[in-house]
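Engineer: Sending over a structure as structure tokens; questions will come in a sec.
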Amino acid sequence: MSKHLTKEQWINIIKINDELSINKAAIEYLKITGKEVDLKELVRRIRNKRILLDNKVMKALQRKAGSGRPPKRDDSDIPSIIDELNEEQKNEIIEAWIKEQRNKKK
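Numbering (numbering that gives the first Met the number 0), first residue to last: 0 to 105.
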């Protein structure tokens with residue numbers, strides 16, 4: 000028997016769990032996989048698979064590895080950009096920023 004269940008098999012087990020009972024779902028899981036599992040563990044697996052099916056719109060049954068923390072933004076070029084601007088351009092940017100901040104408060 001296969002160690003991993005297909006998407007259709009998980010959907011079938013989730014339906015059995017919803018419509019009948021967890022015991023029937025455990026029996027079906029045992030039939031498919033050939034390995035006995037603790038009810039508490041099976042309930043946790045079914046709950047996790049249901050969340051994945053709902054969130055991924057039935058496209059994946061495995062969680063994707065997170066990308067972790069995003070890389071830090073490199074702001075080292077900002078001082079050189081500011082130095083290249085003339086006073087009029089700096090004033091326009093500052094005025095636009097102030098107006099934007101005022102609109103956020105409203």
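Even for Gly, the Cβ is constructed at its ideal location relative to N, Cα and C.
Please return the same chain residues whose Cβ sits closer than 8 Å to the Cβ of residue 100, not counting the five positions on each side in sequence.
Structural biologist: Contacts found: none.
Engineer: Would you report the Cα separation of residue 137 and residue 69, rounded to the nearest angstrom?
Structural biologist: There is no way to answer for residue 137, as the model of the chain reaches only from 0 to 105.
Engineer: Work out the CA separation of residue 51 and residue 22 for me, nearest whole Å.
Structural biologist: About 22 Å.
Engineer: Do you know offhand how far residue 19's Cα is from residue 72's?
Structural biologist: Taking the straight line from one Cα to the other gives about 52 Å.
Engineer: To the nearest angstrom, how far is the alpha carbon of residue 13 from that of residue 34?
Structural biologist: Those two C-alpha atoms are separated by around 18 Å.
Engineer: When we look at the beta-carbon of residue 0 and count the other beta-carbons within 10 Å, is it buried (16 or more) or exposed?
Structural biologist: With a pLDDT of 36 at residue 0, under the threshold of 50, the predicted position of this residue should be treated as unreliable, though the coordinate-derived value follows. It is exposed - the Cβ of residue 0 has fewer than 16 other Cβ atoms within 10 Å.
Engineer: When DSSP labels each residue in this structure, what does residue 35 get in the three-state scheme?
Structural biologist: It is coil, neither helix nor strand.
Engineer: Would you identify the three-state DSSP class for residue 85, choosing helix, strand or coil?
Structural biologist: Coil.
Engineer: Is residue 81 buried or exposed, if buried means 16 or more other CB atoms sit within 10 Å of its CB?
Structural biologist: So residue 81 ends up on the exposed side.
Engineer: First and last residue of the alpha helix (DSSP H) that includes residue 6?
Structural biologist: 6-18 is the span of the alpha helix (DSSP H), which, as asked, contains residue 6.
Engineer: What's the C-alpha gap between residue 17 and residue 40?
Structural biologist: Taking the straight line from one Cα to the other gives about 17 Å.
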